[in-house]
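Presented below is the structure to which this report refers.
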Amino acid sequence: MRTRWRAAHVLAHRDGTHALLRDGEDDPVRTFLLNGTARQASHSVVAGRPVMTDGRIPGVDLANLRRRAQELFDRMRAAYSERDLLRRDTAELFPPTFPPFREPSG
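Structure follows, in structure tokens:
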């Protein structure tokens with residue numbers, strides 16, 4: 462049995478313009494993926510309910526999610542030293558790919 466979607470609308474920004482992506486009987490996620498990117502989405506309404514407004518999902522604390530993700534990443538990265546046979550620190554295990562940028566003097 463095929464799932465039937467209720468009408469979904471996504472407002473997306475494209476080079477300073479707006480595009481309304483509508484999908485009545487088809488998959489709204491597929492429609493959006495084929496017509497835009499998440500960075501372009503600013504508003505989304507599904508079954509008459511706003512699920513994204515001004516690029517934000519109501520009830521989601523994005524700053525807190527980013528902070529928590531960074532904490533988890535930092536813990537994971539620090540744990541590499543504990544498992545390394547030579548007990549090297551993270552600076553040695555993860556050297557920078559590029560040298561630090563320095564402003565030219567003078």
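In our numbering, each number is its position in the sequence shown, counted from 1, plus 461. No residue lacks a Cβ here, since even glycine has one placed at the ideal position from N, Cα and C.
query, result
"Validate contact between the segment 499-508 and the segment 520-527 using beta carbons, cut 8 Å, 3 pairs", "no"
"Leu-415 to Ala-524 span [Cα, whole Å]", "One cannot answer for residue 415 here, as it falls past the ends of the chain, which runs 462 to 567."
"Length of the line joining the Cα atoms of Arg-529 and Thr-551", "20 Å"
"Proximity to Glu-553 [Cα-Cα], best of Phe-562, Leu-495, Ala-539, Leu-526", "Ala-539"
"DSSP beta-bridge partners of Arg-517", "Thr-514"
"Buried or exposed (CB count within 10 angstroms, at least 16 for buried), Met-462", "Because the pLDDT at Met-462 is just 46, under 50, the model does not fix this residue reliably, and the value given afterwards should be weighed accordingly. By the 10 Å Cβ count, Met-462 comes out exposed."
"DSSP state of Ser-564 mapped onto helix, strand, coil", "It should be noted that the sequence gives Glu, not Ser, for residue 564. If DSSP states are grouped into helix, strand and coil, Glu-564 belongs with coil."
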